[in-house]
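The structure under discussion appears below in the form of structure tokens.
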Amino acid sequence: MTEATTPLLQVNSIEVIYNHVILVLKGVSFSVPEGGVVALLGGNGAGKTTTLRAVSNLLRGERGEVTKGTIALRDERIEALTPAELVLRGVIQVMEGRHCFGHLSIEENLLTGAYTRRDGKAAIAETLAKVYDYFPRLKTRRKSQAAYTSGGEQQMCAIGRALMANPRMVLLDEPSMGLAPQIVDEVFGIVRRLNQQEGVTFLLAEQNTNMALRYADFGYILENGRVVMEGAAKDLAINEDVKEFYLGLSTVGRKSFRDIKHYRRRKRWLS
Amino acid sequence: MGFFLETLIGGLMAGMLYSLVALGFVLIFKASGVFNFAQGAMVLFAALAMARFSTWIPQWLGLESAALANVLAFLAAGAVMFLVAWLVERLVLRHLVNQEGATLLMATLGIAYILEGIGGTLFGSDIYKIDVGMPKEPVMILEHVFDGGLLINKEDFVAASIAALLVALLALFFQKTTTGRALRAVADDHQAAQSIGIPLHRIWFIVWCVAGVVALVAGVIWGSKLGVQFSLSTVALRGLPVVILGGLTSIPGAIIGGLIIGVGEKLSEVYLGPLIGGGIEIWFAYQLALVFLLLRPQGLFGEKIIDRV
Ligand SMILES: Nc1ncnc2c1ncn2[C@@H]1O[C@H](COP(=O)(O)OP(=O)(O)OP(=O)(O)O)[C@@H](O)[C@H]1O
Ligand SMILES: [Mg+2]
Chain E
242 MTEATTPLLQ VNSIEVIYNH VILVLKGVSF SVPEGGVVAL LGGNGAGKTT
292 TLRAVSNLLR GERGEVTKGT IALRDERIEA LTPAELVLRG VIQVMEGRHC
342 FGHLSIEENL LTGAYTRRDG KAAIAETLAK VYDYFPRLKT RRKSQAAYTS
392 GGEQQMCAIG RALMANPRMV LLDEPSMGLA PQIVDEVFGI VRRLNQQEGV
442 TFLLAEQNTN MALRYADFGY ILENGRVVME GAAKDLAINE DVKEFYLGLS
492 TVGRKSFRDI KHYRRRKRWL S
Chain P
63 MGFFLETLIG GLMAGMLYSL VALGFVLIFK ASGVFNFAQG AMVLFAALAM
113 ARFSTWIPQW LGLESAALAN VLAFLAAGAV MFLVAWLVER LVLRHLVNQE
163 GATLLMATLG IAYILEGIGG TLFGSDIYKI DVGMPKEPVM ILEHVFDGGL
213 LINKEDFVAA SIAALLVALL ALFFQKTTTG RALRAVADDH QAAQSIGIPL
263 HRIWFIVWCV AGVVALVAGV IWGSKLGVQF SLSTVALRGL PVVILGGLTS
313 IPGAIIGGLI IGVGEKLSEV YLGPLIGGGI EIWFAYQLAL VFLLLRPQGL
363 FGEKIIDRV
């Protein structure tokens, strides 16, 4: 990516406060290029989900609010839009924990994803066929009530449902949560194909650093509501600190990033 | 045998109307998690609007045909109910997103009082009549099958048919249309629905409109039977035991619960009445509901929280 092209999504030092008092994001900045796969990494409570909600504007329903900073989609400010308006602009979030509609069948779940579309039944049917192509498991379970399908199938259903809106960008929150390793691989493999073949941009929030870095091209590491490190995924994957603190490759055991690197991080925030 | 069947059919027909009222509760509860205490007030308000418009409209337009006047009055009352739905969403629900169930319940209690107040002011508080030409005389059917045939109340029969038709239309609407599917999605998980771009405000407006139409039909039916007066708002109380029995989240539950209570009332009145004194009809439903609250609080068909990890 060259400096000249504007990124698809540009987030500039945002601050997020829940319930008017709980300051959760303390100046987070990052950008996502058109057609990229960008990962937001970090442990429990680092602020990954909050960051995604700030972009998709699902914060308001959680009594959260962006109090500082800017969020721009192709140079258009989007902080004040409703989630529905963002879906119309091609940005959709797949929530952490999948959130399928339990009493609806898999196919009905997928069809609800097309709610905002106005391009007609035929176009929607075409997208549905495409989603079934990417997720053949969903096709075999299309008549089942979503609540009774497996965790992997529900994750696929949640992603497929988002794809039904014909998005340009998917905010994918913790897709690996609670899934067996080979299912995680399958899901990430499909994400990669969607990215390469359909040109869908992904912003991925993951605790599973190892997996995420294998499939993303760029990563940001969040800790305590701040970006503490960023870089190309392949560089992060071989970075000693990342290895030690997030990939569990250390012999010393897990420590917080802040223990040793405090001085360096502080320098970064100030710069 | 003939007498038993007569009682049974009478019970089924009365039950269909209970189902209709119960449906009003279920629709709103499913889509927004709000137990709508104002359902009764909506029935009264809609019936008042219908009764007044059906006398005003012929005066305003100089109409001769009573049928046309009734149709226009029905449409006007429907429009009024849509306006109510819009105002409720705009002025109340929108500001209470994500609040506790108790807060929302209190809010609908407030809506009930406001509707009763405004209804009295706008439409007056006399007793009015709704005459939509319901047949009043009973008929005999199946005379060659039973000795003496079955005596059926035609008015109840028409009312039950209308209620059944409305219920069937609603079921189709929920199962087959895009909007109906979105309504069910919101009922299941409103956050997820929001995340895929379903605007909750619009959905809430739509369910309150639907509940308004249900209230209007119930109001017209009960109003033409009993006259439109303040006590009509307590008709909705009849829906309460039905939703307890059928489950607050189940549309089939509302229908079957209504039928069970209708039949139970009539049969117990006729067959138990002589043994333990009459008036069973009045408390039967509540007793049955009480038993259910003790034994099966989610109701016959209440949705299980499907929980799997
Ligand atoms: N609705 C809310 N109200 C108040 N505080 C919240 C809310 N949601 C999240 N938080 C707080 O914000 C902080 C960041 O949470 P967030 O969910 O963004 O973290 P995360 O990085 O997604 O963590 P995880 O990996 O566990 O999902 C946490 O301390 C959390 O307690
Ligand atoms: Mg999270």
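Here the protein sequences line up with chains E and P, keeping their order.
Each residue of the first sequence is one higher than the one before, starting from 242 at the first, in the working numbering.
Each residue of the second sequence is one higher than the one before, starting from 63 at the first, in the working numbering.
The beta-carbon is built from N, C-alpha and C at its ideal position, and this holds for glycine as well.
Can you check which of these residues, the options, is closest to residue i by C-alpha distance?
| i | options | result |
| --- | --- | --- |
| residue 337 of chain E | E:384, E:405, E:398 and E:365 | E:398 |
| residue 464 of chain E | E:277, E:292, E:276 and E:272 | E:292 |
| residue 268 of chain E | E:467, E:475, E:330 and E:474 | E:467 |
| residue 265 of chain E | E:303, E:278, E:247 and E:356 | E:303 |
| residue 172 of chain P | P:129, P:100 and P:363 | P:100 |
| residue 318 of chain P | P:81, P:301 and P:227 | P:81 |
| residue 323 of chain P | P:345, P:189 and P:281 | P:345 |
| residue 242 of chain P | P:139, P:264 and P:150 | P:264 |
| residue 267 of chain P | P:102, P:149 and P:230 | P:149 |
| residue 198 of chain P | P:70, P:351 and P:283 | P:283 |
| residue 254 of chain E | E:311, E:404 and E:331 | E:311 |
Which residues mark the beginning and the end of the alpha helix (DSSP H) in which residue i is found?
| i | result |
| --- | --- |
| residue 347 of chain P | 342-357 |
| residue 370 of chain E | 362-375 |
| residue 87 of chain P | 64-94 |
| residue 97 of chain P | Segment: none, residue 97 of chain P is in no alpha helix (DSSP H) and carries neither H nor E. |
| residue 154 of chain P | Unbroken run through residue 154 of chain P: none, as it is neither H nor E. |
| residue 426 of chain E | 422-439 |
| residue 467 of chain E | Careful: residue 467 of chain E lies outside any alpha helix (DSSP H), inside the beta strand (DSSP E) at 467-473. |
Report the rounded CA-to-CA distance for residue i versus residue j, giving the unit in angstroms.
| i | j | result |
| --- | --- | --- |
| residue 536 of chain E | residue 259 of chain E | Lying before the first or after the last residue shown, residue 536 of chain E is absent from chain E, which here runs from 242 to 512. |
| residue 358 of chain E | residue 369 of chain E | 13 Å |
| residue 360 of chain P | residue 441 of chain E | 44 Å |
| residue 411 of chain E | residue 290 of chain P | 55 Å |
| residue 177 of chain P | residue 388 of chain E | 40 Å |
| residue 192 of chain P | residue 334 of chain P | 35 Å |
| residue 307 of chain P | residue 95 of chain P | 18 Å |
| residue 67 of chain P | residue 280 of chain P | 25 Å |
| residue 125 of chain P | residue 135 of chain P | 12 Å |
| residue 237 of chain P | residue 72 of chain P | 30 Å |
| residue 256 of chain P | residue 321 of chain E | 15 Å |
| residue 491 of chain E | residue 383 of chain E | With a pLDDT of only 48 at residue 491 of chain E, under 50, the local geometry of the prediction cannot be trusted, and no value is derived from it. |
| residue 289 of chain E | residue 479 of chain E | 22 Å |
| residue 246 of chain P | residue 338 of chain P | 45 Å |
| residue 350 of chain P | residue 300 of chain P | 12 Å |
Can you tell me where the beta strand (DSSP E) with residue i in it begins and where it stops?
| i | result |
| --- | --- |
| residue 269 of chain E | 263-273 |
| residue 212 of chain P | 212-214 |
| residue 251 of chain E | 250-259 |
| residue 280 of chain E | 278-282 |
| residue 310 of chain E | 305-314 |
| residue 328 of chain E | No beta strand (DSSP E) holds residue 328 of chain E; the alpha helix (DSSP H) holding it covers 324-329. |
| residue 443 of chain E | 442-447 |
| residue 460 of chain E | 459-464 |
Would you kindly check if the distance between the Cβ of residue j and the Cβ of residue i is under 7 Å?
| i | j | result |
| --- | --- | --- |
| residue 28 of chain P | residue 154 of chain P | What is shown of chain P runs 63 to 371, which leaves residue 28 of chain P out entirely. |
| residue 274 of chain E | residue 297 of chain E | no |
| residue 254 of chain P | residue 340 of chain E | yes |
| residue 333 of chain E | residue 406 of chain E | yes |
| residue 483 of chain E | residue 413 of chain E | no |
| residue 222 of chain P | residue 104 of chain P | no |
| residue 274 of chain P | residue 146 of chain P | yes |
| residue 140 of chain P | residue 329 of chain P | no |
| residue 250 of chain E | residue 446 of chain E | no |
| residue 113 of chain P | residue 190 of chain P | yes |
| residue 93 of chain P | residue 269 of chain P | yes |
| residue 372 of chain P | residue 303 of chain P | There is simply no residue 372 of chain P to check, as chain P begins at 63 and stops at 371 in what is shown. |
**Asked** Along the stretch 308-330 of chain E, what residues have a CB closer than 9 Å to any CB found in chain P?
**Response** Answer set for the stretch 308-330 of chain E: 323, 324, 325, 326, 327, 328 and 329.
- Mind listing which residues of the stretch 284-302 of chain E have their C-beta closer than 9 Å to chain P's C-betas, in chain order? Those residues of the stretch 284-302 of chain E that come within reach of chain P (Cβ to Cβ, closer than 9 Å) are 297, 299, 301 and 302.
Residues of the stretch 216-248 of chain P with a CB closer than 8 Å to any CB of chain E: list them in chain order, please. Within the stretch 216-248 of chain P, the qualifying residues are 240, 243, 244, 246 and 247.
Open item on the list: Please identify, using Cβ separations under 8 Å, the residues of the stretch 328-347 of chain E that lie next to chain P, in order along the chain.
Closed with: For chain P, the residues of the stretch 328-347 of chain E that bring a beta carbon within less than 8 Å of one of its beta carbons are 328, 329, 333, 334, 335, 336, 340, 341, 342, 343, 344 and 345, in chain order.
Near-chain E residues of the stretch 258-276 of chain P - C-beta to any C-beta below 7 Å: Contact annotation: in the stretch 258-276 of chain P, residues whose CB is within less than 7 Å of a CB in chain E are 258, 259, 260 and 261.
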